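Residue numbers (this note's numbering): 1066 to 1542.
Every residue, glycine too, gets a C-beta built ideally from N, C-alpha and C.
As the structure is a computational prediction, the values presented were derived from the model and not from experiment.
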RNA sequence: CGGGGCGUGGCUCAGCCCGGUUAGAGCGCACGGUUCGGGUCCGUGAGGUCGGCGGUUCAAAUCCGCCCGCCCCGACCA
């Protein structure tokens, strides 16, 4: 009767997540520890994420390009913080074509260095600036503990790398791309995010300042869903990226980098999913609409399939799938597509065909609550409207959840308590010791200093000294 | 690397403590029929060097040793 049941989301979130990823056929474990195979359904979701981002990148004037997978080891060593940050997690190639290499190559963990090297060759004048390039690709980081999509040895992402003539322009670019990520997360993925600045401790190795969008997952843990870094002149100096300015003076460029990875798929799963399985936001769902035909006799089949054809034509612009498998009963298919997160299901049976209507079932509302009968003639407008409503409902629900689980502790004992099961939004003096103490005592870290601040000042939740900024403490993935 | 748990058909596990016929179940898979508006039901069948190596024993999935792998919790991280 109940086969292939998922573990309960509320009882064992982690197990629920792992099994859901496998059963929904988003990904599978690869033979190498920590590596992941992205299966067609998962990749289709990634392609929709890519499309949403890529459109925004183009709108903001960026171009795509591709840089090498292999980077000379010496490149990494040119920027001190960068090499310190990434050394422990490098994959290194020492043999090529059977010969020991003179200089080891690293498999890129990120491409600031090799792109910096190329930029130094390309940029000579202020007329060459800005350079606005994005790369879609894969990178390798030898992580100790991995989790499907969230942290794998190899992952797919995009990394944007830009160079500018002035500090202000680079800062603007950094924030512009942070906004692009936030807009994508909110509007395409229905994932509410907080934009903010990372603390010194949490920032990218080599950055002057790292910005982040942080999202709350269904177990209240935080996930860094995308980052944008202001790199100052760190990489420009390490790679000699210099240009002659308007006054014929030699200047270092100002650079930025920003990235969003397949980790975001994990964010979508953990934000929207429920005990039944995935719930995918319509904008990014590989299948927006599944049609389940229902019939017994041959004559019923004829009428039903005729209706199915009509519906397909009316909804030609949507990503639609007709589940015409004969080996499964309708009930089985309902559960199957719910598990896979398809946002809307249309059931078309003899009764519907008879009454010239279809039965629609929303994935975001459970059981009969989400069911309604829609007249066949107006599906061209009613279905897109319904998908919109689902998209909006998913966002609002996730936002409500985050707000309900974000606390504002005013003293340390309270902080320690709330951070066990939620976010803490609190005054912080900015001292690294306070940050470290919280981590020590609770495992929670500072996620970001939100860009939106209430103003005024208070007392640091850890040490009671005066504080002018609020920060979010949370346990994170 | 530290702490905990676990390795038995594709999956989830029982059997192990107390060694002894051809190693089991449910799900999945294949075939036939039945059913089809919320995971139909019945039948038949395929599929396992019990993680690996070694030891004890007349006899090892079961006892002992070593190794390997996986999962969870930490340190590292998008």
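Could you tell me which of 1293, 1086 and 1168 sits nearest to residue 1227, measuring between CA atoms?
1293
Please return the same chain residues whose Cβ sits closer than 7 Å to the Cβ of residue 1269, not counting the five positions on each side in sequence.
1275, 1292 and 1294
Rounded to the nearest angstrom, what separates residue 1066 and residue 1283 at their Cα positions?
Note that residue 1066 has pLDDT 32, beneath the 50 cutoff, so the model's placement of it is unreliable and no number is given.
Would you tell me roughly how many angstroms separate the C-alpha atoms of residue 1341 and residue 1537, rounded to the nearest one?
Spanning the alpha carbons of residue 1341 and residue 1537 requires a straight line of approximately 31 Å.
By a C-beta neighbour count over all protein chains shown, 10 Å radius and 16 as the cutoff for buried, is residue 1364 buried or exposed?
Classified as exposed, residue 1364 has fewer than 16 neighbouring CB atoms from the shown chains inside 10 Å of its CB.
What span of residues does the alpha helix (DSSP H) with residue 1200 cover, start to end?
Bounds of any alpha helix (DSSP H) do not take in residue 1200; it lies within the beta strand (DSSP E) bounded by 1196-1205.
According to DSSP, is residue 1548 part of a helix, a strand, or is it coil?
Absent from the model: residue 1548. The displayed extent of the chain is 1066 to 1542, so no value can be given.
Return the Cβ separation of residue 1492 and residue 1535 in integer angstroms, given the expectation that the two are a contact with Cβ distance under 8 Å.
Their Cβ separation, rounded to whole angstroms, is 6 Å, which keeps residue 1492 and residue 1535 in contact under 8 Å.
Could you have a look at residue 1534 and say whether DSSP puts it in helix, strand or coil?
strand
Decide if residue 1144 is buried, meaning its Cβ has at least 16 other Cβ atoms within 10 Å, or exposed.
buried
Which value, in whole angstroms, describes the spacing of the CA atoms of residue 1518 and residue 1260?
11 Å
Taking the alpha helix (DSSP H) that residue 1092 belongs to, which residues open and close that run?
Run containing residue 1092: none in the alpha helix (DSSP H); it sits in the beta strand (DSSP E), 1092-1094.
Going by DSSP, what residue range makes up the alpha helix (DSSP H) through residue 1353?
Where residue 1353 is concerned, there is no enclosing alpha helix (DSSP H), given that its DSSP letter is neither H nor E.
Just grab the DSSP bridge partners of residue 1513 for me.
1537
Once you ignore the five residues that flank residue 1090 on each side, which residues in its own chain have a CB closer than 6 Å to its CB?
1104 and 1106
Going by other Cβ atoms of all chains shown within 10 Å of its Cβ, with 16 needed for buried, is residue 1338 buried or exposed?
buried
Threshold first: 4 residues or longer. Then list the alpha helix (DSSP H) segments lying entirely within the region 1464-1491, N to C.
Taken in chain order, the whole alpha helix (DSSP H) runs of length 4 or more contained in the region 1464-1491 are 1477-1483.
Just to confirm, are residue 1349 and residue 1110 a CB contact at a threshold of 8 Å?
Taking 8 Å as the Cβ cut-off, residue 1349 and residue 1110 qualify as a contacting pair.
Going by CA-CA distance only, name the one from 1494, 1505, 1513 and 1120 that's closest to residue 1526.
1494
Go ahead and pull the three-state DSSP assignment for residue 1337.
helix
Using CA atoms only, rank isn't needed, just tell me which of 1159, 1263 and 1310 is closest to residue 1188.
1310
Could you tell me the alpha carbon to alpha carbon distance between residue 1389 and residue 1356, rounded to whole angstroms?
Rounded to the nearest angstrom, the two C-alpha atoms are 9 Å apart.
Does residue 1522 come out as helix, strand or coil in the three-state DSSP assignment?
coil
Could you say which of 1242, 1332, 1100 and 1312 lies nearest to residue 1217 if we only look at CA atoms?
1100
Which partner residues of residue 1298 appear in the DSSP bridge assignment?
According to DSSP, which records beta bridges pairwise, residue 1298 is partnered with nothing at all.
Less than 6 Å between C-beta atoms, sequence neighbours within five positions excluded: which residues of the same chain meet that for residue 1333?
1254
Which whole runs of the beta strand (DSSP E) in the region 1266-1297 are 3 residues long or more, in chain order?
The qualifying runs are 1274-1281 and 1287-1297.
Return the bridge partner residues of residue 1400 from the DSSP annotation.
Beta-bridge pairing links residue 1400 to no other residue.
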